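Let me begin by presenting the structure, written as structure tokens, before commenting on it.
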Amino acid sequence: MIAAARKSRPRFKREWITSYIFLLPALAFFIMFVAYPMLRGIYMSFFDYTLTSFEFIGFDNYRTLYEDKNFHKSMWNTIKLVVVGVPIVIIFSIFVAMTIYKKHESVRSLFRGIFYLPAVTSVVSVTVVWGWIYHPNYGVLNYLTGIFGAEPISWLGEPKTALWAITAILVTTSVGQPIILYVAALGNIPISYIEAAQIDRATPGQIFRKIIWPMLMPTNLYVIVITTINTFQCFSLIQLLTSGGPIYSTSTVMYGVYEQAFQFGNFGLASAMGIVLAVIIGIISIIQFKFLGSDVEY
Amino acid sequence: MLRNITVGKAASMILVILAAVVFVFPFYWIITGAFKLQVVATAIPPEWFPLRPVMDNWVTLFKNPVGRWTFNSFFVSVAEMAAICLVASTAGFVLAKKEFPGRKIIFTVLIAAMALPKQVILVPLFTMLADLGWINTYKGLIFPAIGWPFGVFLMKQFSQTIPTEILEAAKIDGCSEVRSFASIVIPLLKPALGALAIFTFMTSWNDYFSQLIITRSTEMMTLPLGIATMQGEYKTDYGVMMAGAALASVPMLTIFILFQKAFTQGITLGAVK
Chain A
1 MIAAARKSRP
11 RFKREWITSY
21 IFLLPALAFF
31 IMFVAYPMLR
41 GIYMSFFDYT
51 LTSFEFIGFD
61 NYRTLYEDKN
71 FHKSMWNTIK
81 LVVVGVPIVI
91 IFSIFVAMTI
101 YKKHESVRSL
111 FRGIFYLPAV
121 TSVVSVTVVW
131 GWIYHPNYGV
141 LNYLTGIFGA
151 EPISWLGEPK
161 TALWAITAIL
171 VTTSVGQPII
181 LYVAALGNIP
191 ISYIEAAQID
201 RATPGQIFRK
211 IIWPMLMPTN
221 LYVIVITTIN
231 TFQCFSLIQL
241 LTSGGPIYST
251 STVMYGVYEQ
261 AFQFGNFGLA
271 SAMGIVLAVI
281 IGIISIIQFK
291 FLGSDVEY
Chain B
299 MLRNITVGKA
309 ASMILVILAA
319 VVFVFPFYWI
329 ITGAFKLQVV
339 ATAIPPEWFP
349 LRPVMDNWVT
359 LFKNPVGRWT
369 FNSFFVSVAE
379 MAAICLVAST
389 AGFVLAKKEF
399 PGRKIIFTVL
409 IAAMALPKQV
419 ILVPLFTMLA
429 DLGWINTYKG
439 LIFPAIGWPF
449 GVFLMKQFSQ
459 TIPTEILEAA
469 KIDGCSEVRS
479 FASIVIPLLK
489 PALGALAIFT
499 FMTSWNDYFS
509 QLIITRSTEM
519 MTLPLGIATM
529 QGEYKTDYGV
539 MMAGAALASV
549 PMLTIFILFQ
559 KAFTQGITLG
569 AVK
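Chains as they are written, first to last, in this note's numbering: chain A, 1 to 298; chain B, 299 to 571.
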């Protein structure tokens, strides 16, 4: 009480000022390199903005995208990547985590490390080696499938297989973090819960559905949101392996943004694409939060 | 029933081991490929183990400015790492432990920005850097990453675990804010700072998209970017490309193996709601 009374107003003010000084560097960089570019991106999307022109055109960029066949194709590919890739990442991660979380610490960290390897490695190294593995003539994959009598396939060169070949690599680079999180979450489930259920003769399936799954919900939410956001932004794999080809069969929205801005010089149109992507990701994140977040409490 | 469970457990372990082999194989292929001549690398059936390892690929690789690229990668990553640790720890600390007007709004804005896709701002960021004349400079490569609020968020999460009593006691003893931050808070934040440092280094080293659009000249390229551009020249000379791929990932892999614990901690900490 006495201490509180002694806290006079100027003292308070001085504390605020110190707090703001501590906050200032981070805030300044944030405003300059994150907040401002975001607003500028929205602004730019209403302009015909190329190397030679800067002219206000209202919603024309958005109209162009609405009618652009290649953009539709990129959007469709992105959705395919998310709808196929994200569930594989989640199921695979939970499966691995369930298998290794009760093992000895050294075994656990060995597997955690192995599955996180592709995530720490530069995407360039990953694509260089996968490009070789997938090569129609010199690749290991065709050699292996050839042993079983399959015809050689140009995995990245054919519209039918290219996107799935990339999805496979994307999955290997995405599971590291989820596995670490699931192992941590499973480790936090009190062993007594599971033992009690076992004494009551609950089947492993029941234990998973009634105890483990609900306890994993907060982690699920985080992993699904993060994986979805990252998959939506898939770019480097595509730029390095196929440049969106053949005939836009592997182009994603993010690759489209890159192509429009840095190859064709249409900065306005590229910004509009970025905004559309951000809005879609925002809506999906909100839906995921609403849908999965309701029973996060336990 | 018990036997079924044991069989199931063994089967899932075998599946996990098989998956692990698939995950490790590309790295095995990079390392061994780096010591194969082109005729060996493109031979079918493949030579699973390099029987006559050669150094030719490395000689060819070093005809490119890989020394400069390596320097660039290290310089940019270390600078980003140091800057982020500094600004994130001070900001995270006051957001967690101090009362001041606007605190809640600032934190909410930072969190909301983190949920937005980072790459979406790259086009406007590029035009902005172009206006500043920062394209193809170290400034352009380093500064934008410092604005990303993940570090602030991580340090705020961790600062909340610091007992308020310690800070109060220091204040009563007449310790200034700056001194109590430097001599009390920083030592307590060390584990989290370690995790953040490693995480930032990795993100920066592997931030291919930003490096691709901000870099113009061969001398300013980072190591991964330089290796990527070599693909045009060496195409199916896989030995040389694997040597490059090995070089581009060895620093990260070494750090990862040495500090796996800090990595794991950083990831788990950053995920706390």
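C-beta atoms are modelled at their ideal positions from N, C-alpha and C, and glycine is treated no differently.
Quantities reported herein were computed from a predicted structural model and do not represent experimental measurements.
One Cα belongs to T18 (chain A), the other to S375 (chain B), and the distance between them is close to 30 Å. For chain A, the residues of the region 522 to 552 of chain B that bring a beta carbon within less than 8 Å of one of its beta carbons are P522, L523, I525, A526, Q529, T534, Y536, M539, M540, G542, A543, A544, A546, S547, M550 and L551, in chain order. Taking a Cβ-Cβ cut-off of 7 Å, K437 (chain B) has no neighbours in chain A, whose nearest Cβ is about 11 Å from it. In this structure, the straight-line span from the alpha carbon of M311 (chain B) to that of Y62 (chain A) is close to 50 Å. Pairing I511 (chain B) with I553 (chain B) gives a Cβ-Cβ distance that is not under 8 Å. Within the region 317 to 384 of chain B, the complete alpha helix (DSSP H) runs of at least 4 residues fall at 336 to 339 and 354 to 359. As a beta-bridge residue in DSSP terms, Y49 (chain A) pairs with A:F54. Taking all protein chains in view, the Cβ of V357 (chain B) is surrounded by fewer than 16 other Cβ atoms within 10 Å, so the residue is classified as exposed. Just measuring C-alpha positions, the residue of A:N220, A:L186, A:L221 and A:I226 sitting nearest I207 (chain A) is A:L186.
Annotation: T513 (chain B) has no Cβ neighbours in chain A at a cutoff of 8 Å; minimum Cβ distance is about 12 Å. At least 8 Å separates the beta-carbon of K396 (chain B) from that of E195 (chain A). Here the C-alpha atom of V34 (chain A) lies approximately 50 Å from the C-alpha atom of T203 (chain A).
Three or more Cβ pairs closer than 8 Å define a contact, and the region 252 to 263 of chain A meets that threshold against the region 409 to 428 of chain B. Here the alpha carbons of F448 (chain B) and P522 (chain B) stand approximately 23 Å from one another.
Assignment of E397 (chain B) by DSSP, reduced to helix, strand and coil, places it in the coil class. Rounded to whole angstroms, N70 (chain A) and I114 (chain A) show a C-alpha spacing of 38 Å. Per DSSP, reduced to three states, the secondary structure at P218 (chain A) is helical. The beta-carbon distance between I42 (chain A) and I275 (chain A), rounded to whole angstroms, is 6 Å. This is short enough to meet the 8 Å contact definition.
DSSP places T498 (chain B) inside the alpha helix (DSSP H), whose first and last residues are I484 to W503.
At a cut-off of 8 Å between beta-carbon atoms, T18 (chain A) makes contact with chain B. Beyond the five residues adjoining it in sequence on each side, V128 (chain A) comes within less than 6 Å, by CB distance, of no other residue in the same chain.
Contact annotation: G157 (chain A) and P25 (chain A) have beta-carbon atoms that are not nearer than 8 Å.
The beta-carbon distance between G542 (chain B) and M528 (chain B), rounded to whole angstroms, is 6 Å. This is short enough to meet the 8 Å contact definition. When only Cα atoms are considered, L163 (chain A) and S45 (chain A) end up about 29 Å apart.
A residue is called buried once 16 or more other Cβ atoms fall within 10 Å of its Cβ, and E531 (chain B), having fewer, is exposed.
Look at P214 (chain A): its C-beta is not under 8 Å from any C-beta on chain B. Annotation: the continuous alpha helix (DSSP H) that includes D429 (chain B) extends over L420 to L430.
Counting every other CB atom within 10 Å of its CB across the protein chains shown gives M353 (chain B) a total below 16, marking it as exposed.
Scanning its chain for C-beta atoms nearer than 7 Å, with the 5 sequence neighbours on each side dropped, one finds no residue around E463 (chain B). A467 (chain B) and G400 (chain B) have their alpha carbons spaced roughly 26 Å apart. When Cβ-Cβ separations below 8 Å define contact, T161 (chain A) makes no contact with chain B. In terms of beta-carbon proximity, V385 (chain B) lines the interface with chain A, with at least one pair separated by less than 8 Å. No Cβ of chain B is located within less than 8 Å of the beta carbon of Q288 (chain A). If you draw a straight line from the Cα of I281 (chain A) to the Cα of V86 (chain A), it is about 14 Å long. Chain-order list of chain A residues neighbouring F507 (chain B): F235 and S236, by C-beta distance under 7 Å. The shortest C-alpha to C-alpha distance from R350 (chain B) to any of B:K361, B:A332 and B:P343 is the one to B:A332.
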